[in-house]
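**Q**
Protein chains in written order, with the working numbering: chain A, 1 to 369; chain B, 1 to 369.
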């Protein structure tokens, strides 16, 4: 068995239970240790691996064969893409569980990116009112974003992530080697979420990123592993304070209210989530500048970091009325009023409805048709 | 406003929060106090009432008009029947929520029996990862069974209640007057669950029922209210010990493993749930007798109580292989072994796989084709 070049882990504490995130390398290779590492977290003898048709050819066989000795292993391969993050895919998971005669002892394993993780988690939350699940995130975005927080769910035709549950995994295995097979656009999309943590929580991490982004973009796995670990720690700290997102956790949605408008308007899957968040963070930064909280230089610094990661810094052209109407569907609307996460300074975010509506319109109109 | 003839309440304690069950009379009448009683438990301004096409003509207008002054009220009327307890109905609830532009401040109100309550609860558990809900159970079964425990969910084509969540209401309003419009078969089906509590938990309650069943069958609302209160107390006690059904809570499924076979075999809706549970409790009692735990006289006593409530005491003819195969789909199968709830004596139940398979077959074969 290959010895990983690095191996690190952290423990996430939640209301229901604590679980580890193991950050490692080469576990998913043929002679890797994937099955061995996750086996202790499988409680019964029944395993359903949920993956998609892009990830399956890369890592499924190693996982399936590694587990087959000790467990009854079934597989559910879904089509790849945000457009399949819907009830129909959840039904396919339920059908696979029922066809296998699996019961509440089953453990679901999500092998894939955020879409696979969110759907597998929701299926695990709702099958027989809740069964175990384990995440093996294979994209940078899911390694930093979906590994912590227990958010699971699917999209509704009228809005993203409208259906779901809070449901925590028993263990997360983040293998940095999977990033070698990740398309460049998706690597950048993951880095957008990493930059987000710097902007809302820690200015010194932004400085770290300004130095280390070139290494991350050229797949230095140790540096990527360090970034993933730091983000999981930031997120775990926030989630521990506010598991059900009634307060501080909402700040993690920085850039997302603008980003959701972009994703909904463009159709799921055309803009990657991280790309939409990148453009959305720029809009939020621009509004923060209009409010007098950020300087022009600080907004430029944010723009430059996003550009280092090959990320978009402007939204597509959307007319103002459509944009504002789509914002009204966002979950952060409270009593009919749009609330946004803005920056008081780099490293410090607030959730507020105390902004000038005209300034919000201006942020959209400078990019609109 | 009419003064209720009686008014009683109890508090249910759960891991997430405590909530009241208010047991009353005439609240649902036109000049009743339904809206006034539930309004304090609605947290935002948005209300979606979920009901079915049988209950809507009876009580919807009074509830809707009572709430319309203070809240934005929308309604989702589903077709009545266990056969509609499925994903398609949940999708209708989601669609109604999205069409109304409701967000996580919404409160869902379930106005109807157990099917409406289970589905509304699951929609509340999964819309935006969880919103408030209130139950107004209008059948005896749902008043005693669904008011406590937080079980919500829907059926899968291959099995009952396979999809769902544990999700607690903010308040339950059980109006005994709704039982006046309940079909006689459904009143009996509700009494089956009441008898269940006596059999598994309290022999003195069985004696109480032997005395009071005639009054319950002729709709003495005060006696029915007393029975509902006692059952909610029994159930609350069990659920407080074991909210997620890892131990003692499983005993509440007495008669249900046999009953599920009957319901699945006959097609949902042909046997009422309570009727299937009644026949299932007799089968469990017969197996308990074969195990040497109950006497012939005790089994007869159970049969006589069920007959006082006009309940079936034998299952329909189902061949043994089909019956045992259907039992394998039940959630109480652990590591592939069928576990059953049996009676050690009247008032004392156990969950066990320590029974002779031949005796289980005998219990089915004495009624099979």
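Even glycine gets a Cβ: it sits at the ideal position worked out from N, Cα and C.
Going by C-alpha distance, which of 204(B), 241(B), 246(B) is nearest residue 230(B)?
**A** Looking at the Cα atoms, 204(B) is the closest of the given residues.
**Q** Is residue 363(B) helix, strand or coil by DSSP?
**A** Helix at residue 363(B).
**Q** Look up residue 205(A) in the DSSP assignment and say whether it is helix, strand or coil.
**A** Reduced to three states, the DSSP call for residue 205(A) is helix.
**Q** Can you grab the Cα-Cα spacing for the pair residue 354(B) / residue 104(A), in whole Å?
**A** Whole-angstrom Cα-Cα distance: 21 Å.
**Q** Are there 16 or more other CB atoms within 10 angstroms of the CB of residue 2(A), so buried, or fewer, so exposed?
**A** Legend: pLDDT at residue 2(A) = 47, less than 50; position of this residue unreliable, value from coordinates given subsequently. So residue 2(A) counts as exposed.
**Q** Note down, in chain order, each residue of its chain lying with its Cβ closer than 8 Å to the Cβ of residue 393(B), except the 5 sequence neighbours on either side.
**A** Not covered by the structure: residue 393(B). The range shown for chain B is 1 to 369.
**Q** Where in the segment 17 to 102 of chain B do unbroken runs of the alpha helix (DSSP H), each at least 4 residues long, occur, reported from the N-terminal end onward?
**A** Taking only runs of at least 4 residues, the alpha helix (DSSP H) segments lying wholly in the segment 17 to 102 of chain B are 34 to 38, 61 to 68, 87 to 99.
**Q** Can you give me the C-alpha to C-alpha distance between residue 175(B) and residue 311(B), rounded to a whole angstrom?
**A** One C-alpha to the other measures close to 24 Å.
**Q** Indicate whether residue 34(A) and residue 59(A) have their beta-carbon atoms separated by less than 9 Å.
**A** Yes, the Cβ-Cβ distance between residue 34(A) and residue 59(A) is below 9 Å.
**Q** Using a threshold of 9 Å, state whether the C-beta atoms of residue 276(B) and residue 340(B) are closer than that.
**A** No, Cβ-Cβ distance for residue 276(B) and residue 340(B) is not below 9 Å.
**Q** From residue 179(B) to residue 256(B), what distance separates their C-alpha atoms?
**A** Their Cα atoms are separated by approximately 24 Å.
**Q** Could you give the DSSP three-state label for residue 131(B): helix, strand or coil?
**A** Residue 131(B) falls in the coil class under three-state DSSP.
**Q** Can you check which of these residues, 84(A), 114(A), 350(A), 19(A), is closest to residue 247(A) by C-alpha distance?
**A** Comparing Cα positions, the closest option is 350(A).
**Q** Count Cβ pairs between the segment 358 to 369 of chain A and the segment 151 to 164 of chain B that sit closer than 8 Å; are there 3 or more?
**A** Verdict: no, contact absent.
**Q** Need the endpoints of the alpha helix (DSSP H) that residue 303(A) sits in, please.
**A** Residues 296 to 308.
**Q** For residue 240(B) versus residue 262(B), is the C-beta spacing smaller than 9 Å?
**A** No, the pair does not count as a contact, with Cβ atoms beyond the cut-off.
**Q** Closer than 9 Å between beta carbons: that is the criterion. Which residues of the segment 81 to 96 of chain A meet it against chain B?
**A** Correct list: 87, 90, 91, 94, 95.
**Q** Expressed to the nearest angstrom, what Euclidean distance is found between the alpha-carbon atoms of residue 26(B) and residue 237(B)?
**A** Cα to Cα, the separation comes out at about 28 Å.
**Q** So the alpha helix (DSSP H) residue 115(B) belongs to, where does it begin and stop?
**A** From DSSP, the alpha helix (DSSP H) with residue 115(B) extends over 114 to 126.
**Q** Mind checking residue 211(B): buried by the 16 CB within 10 Å criterion, or exposed?
**A** Looking at its Cβ environment, which holds fewer than 16 other Cβ atoms inside 10 Å, residue 211(B) is exposed.
**Q** I'd like to know if residue 98(A) contacts chain B, where contact means its C-beta is closer than 9 Å to some C-beta of that chain.
**A** Chain B, which has a Cβ nearer than 9 Å to the Cβ of residue 98(A), makes this yes.
**Q** Which residues, taken in chain order from the segment 129 to 147 of chain A, show a beta carbon closer than 9 Å to some beta carbon of chain B?
**A** Result list: 129, 130.
**Q** Quick check on DSSP: helix, strand or coil for residue 312(A)?
**A** Three-state result, residue 312(A): coil.
**Q** My understanding is that residue 119(B) touches residue 163(B), with C-beta atoms under 8 Å, so please give their C-beta distance in whole angstroms.
**A** With a Cβ gap of about 11 Å, residue 119(B) and residue 163(B) do not count as contacting.
**Q** Check whether the Cβ of residue 321(B) lies closer than 8 Å to any heavy atom of the ligand PLP, and answer yes or no.
**A** The ligand PLP is not part of the structure shown, which contains no ligands of any sort.
**Q** Using a cut-off of 8 Å between C-beta atoms, extract the partners of residue 166(A) located in chain B.
**A** 129, 130, listed in chain order.
**Q** Look up residue 163(A) in the DSSP assignment and give the residues it is bridged to.
**A** Note: residue 163(A) sits in a beta bridge opposite 154(A), 127(B).
**Q** Relative to the C-alpha of residue 185(B), which candidate in 356(B), 10(B), 272(B) has its C-alpha closest?
**A** Here the closest residue by C-alpha is 272(B).
**Q** Interface residues of chain A around residue 125(B) at Cβ under 7 Å?
**A** Residues of chain A passing the Cβ test: 165.
**Q** Which class does residue 221(A) belong to by DSSP, given the choice of helix, strand or coil?
**A** The answer is helix: DSSP assigns residue 221(A) an H, G or I state.
**Q** Could you tell me if residue 337(A) is buried or exposed, where buried requires 16 or more neighbouring beta carbons within 10 angstroms of its beta carbon?
**A** So residue 337(A) ends up on the exposed side.
**Q** From the beta carbon of residue 241(A), is the nearest beta carbon of chain B less than 9 Å away?
**A** Chain B contact via Cβ: absent.
**Q** For residue 56(B) versus residue 94(B), is the C-beta spacing smaller than 9 Å?
**A** Not in contact: residue 56(B) and residue 94(B) (Cβ atoms no closer than 9 Å).
**Q** Can a CB atom of chain B be found closer than 9 Å to the CB of residue 216(A)?
**A** It does not; no Cβ of chain B falls within 9 Å.
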